[in-house]
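Under this note's numbering, residue 427 is the last one in the sequence shown; the count climbs by one each step, no gaps.
One structure is given here, and the rest of the page talks about it.
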Amino acid sequence: MSFGVWVAVLGAVLLTLALTSSWLRWMPVTTSAVCLLLGIAIGPSGLDLLKLSLEESSLWMEHLTEVAVLFSLFVCGLKLRLPLGNKTWRIAFGLAGPVMILSIIGVCLLLHWGLQLAWGPSLLIGAMLAPTDPVLAALVQVNDAQDVDSVRFGLSGEAGLNDGVAFPFVFLGLLLLHTDGSFRELQQWFLNDLLWAVPAGLLVGYAMGRGIGRIALSLRIHNEDSTLGPNDYLTLALIALSYVVADAIGGYGFLAVFAAGLGLRQEEVKSTGITQAPAEHLVQPVVGHQNVEPENAVHGDTERLEDSQVAAGIMMGDMLAFGSLVERAMEVFLVTLLGVVLIAHWDWRALWISAVLFCLIRPLSVALMPWGNLLSGPQRLLIGWFGIRGIGSLFYLFFALNHGLDSDVAKVCTDLTLSVVALSILLHGISTQPMLARYESLKERKS
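Spelled out as structure tokens, the structure:
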């Protein structure tokens, strides 16, 4: 397929979404579900306008999905404004840690006993399917920095953390596939891939987010220009540098990028005060604000804000807007490609695997956690259902395919992962808006 055909198809998909957005917003369906169906329609099983061989494209698909996840993780970190000591963070930590590990174990046992797969591929697929996706779960995450709803905040923190926390278990699955899993190899995995890489990625990213955020804000205040600098460059720089530095010391880049966004947000909290509304909700940059005088660059309630608060608001607003734009564009492209290849890799066994994962393993893992008064019964049910699988699972799939899987293992990993992700996009896409609308309605009644 020529480059022109790819661009034309992507343009047609974007145009379709743009023209139908006012209609789709009233339908109980997400953009991802529409893109999946469009991909099926233009793929070999439909109009045959686009073809894609995963065997030939696995390398660049790995990088594309990685970029999509990185931008989503950074945006996710930027949205979480509560201080790390707040008890609401316990929900995110519980979901990204014990709940995800229980989900991996549940899927692994299901595949080993239900499909008679060996432990290696069972664990590998379990690790691929366990994380809640930061890209496709955007609808159930926090709306903005003022949103501290327990369900939304917990799912946002989980999506930001567990795409990195799942990495050591992907490595463990690959280890069991390629070696005999000796005690020394398992010990090395535990020390390097789990005990070191997870905290190293988090600490490096958080430190860089705080440090670069402090420098950026200081320069804006020092130059008496709250609009100084292209903040999209700052977004790209922080994502790239935190990822590379973490990788260089053996840490997980996904965790570093999420922590960088979080660290930058925490620096903004320090400069504006946690009790005040985020400055980006009180001031808005005008179009082309980088090229006009500072006093003409923003509008809104700037009278009662200090210079540091205006600077932080403009910087956060620009970075969130740019990151979200890239995130949405990558989502449309990648989910459409998933639709293109889905029929060729469809596995009917994914129907009952998805049913057990979505309706039993994930909800039961959430129910087993001692949440106390952090979550009500309805909130636990919502969180138990909204374990959305998506682009993160696709990244792990292509990462594994590029690390020496034999043909039989590669086929079962590819078919099951693509099929379960597609079912998640459809089922969660159809149920998300009605369930969230009912949840918000119940909250309003109680308040």
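Built from N, CA and C at the ideal position, the CB exists for glycine as well.
Should the region 210 to 227 be regarded as contacting the region 180 to 197, the criterion being three or more beta carbon pairs within less than 8 Å? Taking 8 Å as the limit for Cβ pairs, the verdict is that the region 180 to 197 does touch the region 210 to 227.
Assigned secondary structure, residue -13 (DSSP; H/G/I helix, E/B strand, else coil): Here residue -13 sits in helix by DSSP.
Tell me the start and end of each unbroken alpha helix (DSSP H) in the region 116 to 150 that is at least 4 residues and wholly inside, in chain order. List check, alpha helix (DSSP H) in window: 130 to 145.
Can you give me the Cβ contacts of residue -7 inside the same chain, cut-off strictly under 7 Å, excluding the 5 residues immediately before and after it? Around residue -7: 15, 18, 312 and 316.
Which one of 242, 133, 352 and 319 has the shortest CA to CA distance from residue 28? Nearest C-alpha to residue 28: 319.
Between the region 113 to 122 and the region 87 to 99, can you find at least three pairs of beta-carbon atoms closer than 8 Å? The region 87 to 99, when compared against the region 113 to 122, does not touch it at the 8 Å Cβ threshold.
Taking 7 Å as the limit between beta carbons, can you name the residues of its chain near residue 46, skipping five residues before and five after? Here the set comprises 375.
Three-pair Cβ contact test at 8 Å for the region 80 to 99 versus the region 166 to 184: Under the three-pair Cβ rule at 8 Å, the region 80 to 99 does not count as touching the region 166 to 184.
Does the distance from the C-beta atom of residue 49 to that of residue 138 stay below 9 Å? Pairing residue 49 with residue 138 gives a Cβ-Cβ distance that is not under 9 Å.
Span of the alpha helix (DSSP H), counted from its first residue to its last, around residue 332: Segment 330 to 336, the alpha helix (DSSP H) holding residue 332.
Tell me the DSSP secondary structure of residue 349 in three-state form. DSSP places residue 349 in coil when its eight states are reduced to three.
What residue from 372, 349, 133 and 353 has the CA that sits closest to residue 58's CA? Ranking 372, 349, 133 and 353 by Cα distance to residue 58 puts 133 first.
Can you round the beta-carbon distance between residue 56 and residue 140 to whole angstroms, since I take them to be within the 8 Å contact cut? Yes, they are in contact, since the Cβ atoms of residue 56 and residue 140 sit about 4 Å apart, within 8 Å.
Look up residue 102 in the DSSP assignment and say whether it is helix, strand or coil. Correct three-state label for residue 102: helix.
In whole angstroms, what separates the C-alpha of residue 400 from that of residue 336? Taken atom to atom, the span from the alpha-carbon of residue 400 to that of residue 336 is near 11 Å.
Count the other CB atoms within 10 Å of the CB of residue 424; is the residue buried (16 or more) or exposed (fewer)? Exposed is the call here.
Of the choices 35, 238, 328 and -12, whose alpha-carbon is the least far from that of residue 390? Distance check between residue 390 and each of 35, 238, 328 and -12 places 35 closest, using alpha-carbon atoms only.
Give the secondary structure of residue 319 by DSSP, where H, G and I count as helix, E and B as strand, and everything else as coil. Correct three-state label for residue 319: helix.
Which whole-angstrom value describes the C-beta separation of residue 154 and residue 104, a residue pair presumed to lie in contact below a C-beta threshold of 8 Å? Separation of the CB atoms of residue 154 and residue 104 is rounded to 7 Å, and the pair is thereby assigned contact status at 8 Å.
For the alpha helix (DSSP H) holding residue 167, just list the boundary residues, first then last. Taken as a continuous stretch (DSSP letters only), the alpha helix (DSSP H) holding residue 167 covers 163 to 168.
Report yes or no: do the region 220 to 228 and the region 180 to 189 share at least 3 C-beta pairs separated by less than 8 Å? Counting Cβ pairs under 8 Å, three or more are found: they touch.
According to the Cβ coordinates, are residue 152 and residue 173 closer than 9 Å? Closer than 9 Å, so yes.
Are the Cβ atoms of residue 326 and residue 395 separated by less than 9 Å? Going by C-beta atoms, residue 326 is nearer than 9 Å to residue 395.
Please return the same chain residues whose Cβ sits closer than 7 Å to the Cβ of residue 349, not counting the five positions on each side in sequence. Sequence-distant partners of residue 349 (beyond 5 residues in either direction) whose C-beta falls short of 7 Å from its own C-beta, in its chain, are 74, 78 and 79.
Nearest by alpha-carbon distance to residue 108: which of 416, 421 and 381 is it? Ranking the options by Cα distance to residue 108, first place goes to 381.
Which of the three DSSP states is assigned to residue 66 in this structure? Three-state result, residue 66: coil.
Looking at the secondary structure, which residues open and close the alpha helix (DSSP H) in which residue 215 lies? Per DSSP, the continuous alpha helix (DSSP H) segment holding residue 215 begins and ends at 211 to 228.
Sequence-distant residues of the same chain with beta carbon closer than 7 Å to residue -13, five excluded per side: Contacts found: none.
Buried versus exposed, by CB contacts within 10 Å (16 or more), residue -2: Its Cβ having fewer than 16 others within 10 Å, residue -2 is exposed.
Name the two residues that bound the continuous alpha helix (DSSP H) containing residue 15. From DSSP, the alpha helix (DSSP H) with residue 15 extends over 11 to 22.
Cβ-Cβ distance between residue 370 and residue 342 below 9 Å: Against a cut-off of 9 Å, the Cβ pair of residue 342 and residue 370 comes out as no contact.
Closest to residue 149 by CA distance: which of 130, 377, 415 and 419 is it? Of 130, 377, 415 and 419, the residue nearest in Cα terms is 377.
Inspect the beta-carbon positions of residue 351 and residue 71 and report whether they are closer than 9 Å. Against a cut-off of 9 Å, the Cβ pair of residue 71 and residue 351 comes out as a contact.
In terms of residue numbering, what span does the alpha helix (DSSP H) encompassing residue 402 cover? Bounds of the alpha helix (DSSP H) holding residue 402 are 387 to 426.
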